[in-house]
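Written out as structure tokens, the structure reads:
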């Protein structure tokens with residue numbers, strides 16, 4: 518089973534299209550995460566941004582730019598035209614992003630005692646982490 522066959526199992530999308538769909542999904546996760554951070558009080562916002570930067574290894578803006586660059590490459594070329602180190606680097610960042618989302622989810626739960634807020638935090642965090650994990654799995658297949 519070849520690299521491209523693994524992607525075709527999910528549907529009739531070309532590997533580039535499937536990977537691009539997942540990249541766009543994670544871009545939306547980053548936009549949502551940034552919106553959540555922007556809604557925090559200033560003292561928490563600064564800590565949340567610092568935590569993101571330290572956990573992921575780059576700012577949320579730089580992470581978004583990295584994904585936008587990958588999106589453009591996937592839109593204009595073939596998967597085989599993208600340098601392997603670039604795909605590996607993206608996979609490493611997405612691993613760190615996934616870990617950060619899980620840690621920040623646990624931290625957010627500690628900030629509230631309201632059961633309804635905890636349920637909302639849990640569902641939002643789980644959905645965002647699932648979307649990042651989908652891209653991570655696809656990148657792992659590509660970089661094998």
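In our numbering, the protein residues as written are 518 to 661.
Virtual Cβ for every residue (Gly too), placed ideally from N, Cα, C.
Assign residue 531 to one of three DSSP states: helix, strand, or coil. Residue numbering aside, residue 531 sits at position 14 when the chain shown is read from its first letter. If DSSP states are grouped into helix, strand and coil, residue 531 belongs with coil.
Suppose contacts are defined by Cβ-Cβ distances below 7 angstroms. Is residue 659 in contact with residue 543 by that definition? Translated into positions along the chain shown, residue 659 becomes position 142. Translated into positions along the chain shown, residue 543 becomes position 26. No, the pair does not count as a contact, with Cβ atoms beyond the cut-off.
Cβ distance (whole Å) where residue 608 is taken to contact residue 557 below 8 angstroms: The residue you call residue 608 lines up with position 91 of the chain shown. The residue you call residue 557 lines up with position 40 of the chain shown. At roughly 29 angstroms, the Cβ-Cβ gap does not stay under 8 angstroms, so residue 608 and residue 557 are not in contact.
Compute the Euclidean distance between the alpha carbons of residue 545 and residue 531, then round it to the nearest angstrom. Taking the first residue of the chain shown as 1, we reach residue 545 at position 28. Taking the first residue of the chain shown as 1, we reach residue 531 at position 14. Distance between the alpha carbons of residue 545 and residue 531 is about 21 angstroms.
Do you know how far the Cα of residue 562 is from the Cα of residue 555? In the chain shown, residue 555 corresponds to position 38, counting from 1. In the chain shown, residue 562 corresponds to position 45, counting from 1. If you take the alpha carbons of residue 555 and residue 562, they lie about 7 angstroms apart.
So within the region 560 to 629, which uninterrupted alpha helix (DSSP H) runs reach at least 4 residues, ignoring any that extend past its ends? 577 to 593 and 601 to 628
Could you give the distance in angstroms between the alpha-carbon of residue 656 and the alpha-carbon of residue 636? One-based indexing of the chain shown puts residue 656 at position 139. One-based indexing of the chain shown puts residue 636 at position 119. The alpha-carbon atoms of residue 656 and residue 636 are separated by roughly 30 angstroms.
Contact check, residue 617 vs residue 572, beta carbons under 7 angstroms: Here the question's residue 617 lines up with position 100 in the chain shown. Here the question's residue 572 lines up with position 55 in the chain shown. Yes; because the gap between Cβ atoms is below 7 angstroms, this pair is in contact.
Own chain partners of residue 570 with C-beta closer than 6 angstroms, once the 5 adjacent residues on each side are dropped: One-based indexing of the chain shown puts residue 570 at position 53. Result list for residue 570: 576, in chain order.
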